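Heads up: the structure comes next, in structure tokens.
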Amino acid sequence: MQINDPLLSKREAAALLRVSAATFYRRIADGTVPKPLKIGTLSRWSLSDIQKTIEAAKVARNSVNG
Numbered sequence: 000m001q002i003n004d005p006l007l008s009k010r011e012a013a014a015l016l017r018v019s020a021a022t023f024y025r026r027i028a029d030g031t032v033p034k035p036l037k038i039g040t041l042s043r044w045s046l047s048d049i050q051k052t053i054e055a056a057k058v059a060r061n062s063v064n065g
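Going by numbering that gives the first Met the number 0, the first residue of the sequence shown is number 0, and it counts up by one from there.
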């Protein structure tokens, strides 16, 4: 984990992936997006985890096309 790794709300993380909140939760359920960090009753995702999700999708896309 990076020293400065902001925590994102569901809305912020979904916005980075350009998906709705419902689709974001479906991606958590299917394992595409990691489960949240729980801080009390809050659910948060680290920016680095969301960036890794995007990079993994790029790798998967390139392995299918390449």
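A virtual CB, placed ideally from N, CA and C, is assigned to each residue, including glycine. Since we're looking at a predicted model, the values are computed, not measured.
Inset, instruction - May I have the straight-line CA-CA distance separating Pro-5 from Arg-26, to the nearest angstrom? - result: 21 Å
Inset, instruction - Decide if the segment 54-64 is in contact with the segment 36-43; the criterion is three or more beta carbon pairs, one per stretch, under 8 Å apart. - result: no
Legend entry - CA-to-CA distance, Lys-57 to Ala-14, given in whole angstroms: 18 Å
Legend entry - 9 Å Cβ cutoff met for Thr-31 and Thr-52: yes
Inset, instruction - Measure the alpha-carbon distance for Lys-9 versus Ala-59 and round it to whole angstroms. - result: 24 Å
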